[in-house]
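First up is the structure itself, then whatever we jot down about it.
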Amino acid sequence: MNKMDPRQLKTQEKLHMAALHIFSKTEHQPTIKDICDVAGITRPTFYNHYASIDALKEALTALTLADMKKSLTFTREELKTEFSIEEMPNIFKKLFSHIEKNWVFYETFLVNRKDKTLCDEIFNILKEYIEKGMDVVQPKVDYFAPKDLIIHYVSGAYYECIVWWITNKKPYPAEVMYTYMVHLSLKGPYSNIVSQYIDNKK
């Protein structure tokens, strides 16, 4: 694929920003004229980049999700076998920073317009992340339930936490939210009940 020159990249960025602005402000599908007017470009220039509104949206989505995957990329050095509680939040820090940076995109297509394809793709990205994390942290553990079920369960919890955070307009700052995510991962909602049950059995 030929690399675009800076002017082409700038035009593409204008198209993405214009489309996102319009999608976020209305429930209706924008027209090419709408996007060209906001971006300050001509229709021929639009067609030099995209064949349709859907093609533009697909490119914007692919670019954003590629950045999400990057935010969830880790090395064995970053994801060590042993953690301190202080280190754990860093696992999620880049993810929530990514969501904040692309807030309008996720609020628009994950919550307000709820694009099913996007929802499915995010869920699959989270599943891949969880599976890799399990393989690094506990590669030879016999889990208490089928591994696929655990991955699906945890990914669903993370996904719903992200949707909840966006839907409720960030009731907690990102640094607080990803700390909560860590504690939920380590302890779970019933940890106190389990601990009390074990203590009572002693």
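Take the sequence shown: its position 151, counted from the start at 1, is 1508 in the numbering used here, and no numbers get skipped. Note that CB positions come from ideal geometry on N, CA and C, so glycine has one too.
Quick one: Cα of residue i to Cα of residue j, how far?
{"i": "Ser1409", "j": "Tyr1463", "result": "21 Å"}
{"i": "Ile1482", "j": "Ala1423", "result": "10 Å"}
{"i": "Glu1517", "j": "Phe1480", "result": "10 Å"}
{"i": "Glu1485", "j": "Gln1369", "result": "30 Å"}
{"i": "Ile1569", "j": "Pro1401", "result": "Given that the chain is displayed from residue 1358 to residue 1559, the structure contains no residue 1569 and the question cannot be resolved."}
{"i": "Asp1411", "j": "Val1520", "result": "24 Å"}
{"i": "Lys1450", "j": "Leu1541", "result": "15 Å"}
{"i": "Tyr1510", "j": "Ala1416", "result": "30 Å"}
{"i": "Arg1364", "j": "Met1374", "result": "15 Å"}
{"i": "Thr1383", "j": "Ala1514", "result": "30 Å"}
{"i": "Gly1505", "j": "Val1539", "result": "Reading off the sequence, residue 1505 comes out as Asp, not Gly. Each residue's Cα considered, the two are about 21 Å apart."}
{"i": "Ala1376", "j": "Thr1418", "result": "11 Å"}
{"i": "Thr1438", "j": "Lys1489", "result": "Here the model assigns Thr1438 a pLDDT of 49, short of 50, so the residue's position is not dependable, and the following value carries that caveat. Approximately 13 Å, taken between the alpha carbons."}
{"i": "His1385", "j": "Ser1512", "result": "31 Å"}
{"i": "Phe1466", "j": "Lys1526", "result": "15 Å"}
{"i": "Asp1362", "j": "Leu1413", "result": "18 Å"}
{"i": "Tyr1500", "j": "Leu1543", "result": "15 Å"}
{"i": "Lys1426", "j": "Ile1487", "result": "12 Å"}
Please state whether DSSP places residue i in a helix, a strand or coil.
{"i": "Leu1452", "result": "helix"}
{"i": "Ala1502", "result": "coil"}
{"i": "Ser1512", "result": "helix"}
{"i": "Thr1430", "result": "coil"}
{"i": "Ser1409", "result": "coil"}
{"i": "Asp1362", "result": "coil"}
{"i": "Gln1369", "result": "helix"}
{"i": "Pro1401", "result": "helix"}
{"i": "Asp1472", "result": "coil"}
{"i": "Pro1526", "result": "Going by the sequence as given, residue 1526 is Lys instead of Pro. In this structure, Lys1526 counts as coil in the three-state DSSP scheme."}
{"i": "Asn1481", "result": "helix"}
{"i": "Thr1383", "result": "coil"}
{"i": "Thr1421", "result": "helix"}
{"i": "Thr1388", "result": "coil"}
Could you check whether residue j and residue i sit closer than 7 Å to each other, using their CB atoms as the reference points?
{"i": "Phe1403", "j": "Met1534", "result": "no"}
{"i": "Ser1428", "j": "His1406", "result": "no"}
{"i": "Val1468", "j": "Thr1524", "result": "yes"}
{"i": "Leu1366", "j": "Ala1396", "result": "no"}
{"i": "Lys1421", "j": "Asn1459", "result": "Reading the sequence as shown, one finds Thr at residue 1421 and not Lys. For Thr1421 and Asn1459, yes; Cβs fall inside 7 Å."}
{"i": "Glu1457", "j": "Ala1502", "result": "no"}
Report, in whole angstroms, the separation of the C-beta atoms of residue i and residue j, which I expect to be a contact under 8 Å.
{"i": "Pro1387", "j": "Ile1379", "result": "4 Å"}
On the three-pair Cβ rule with 8 Å, is the region 1390 to 1403 touching the region 1472 to 1484? no
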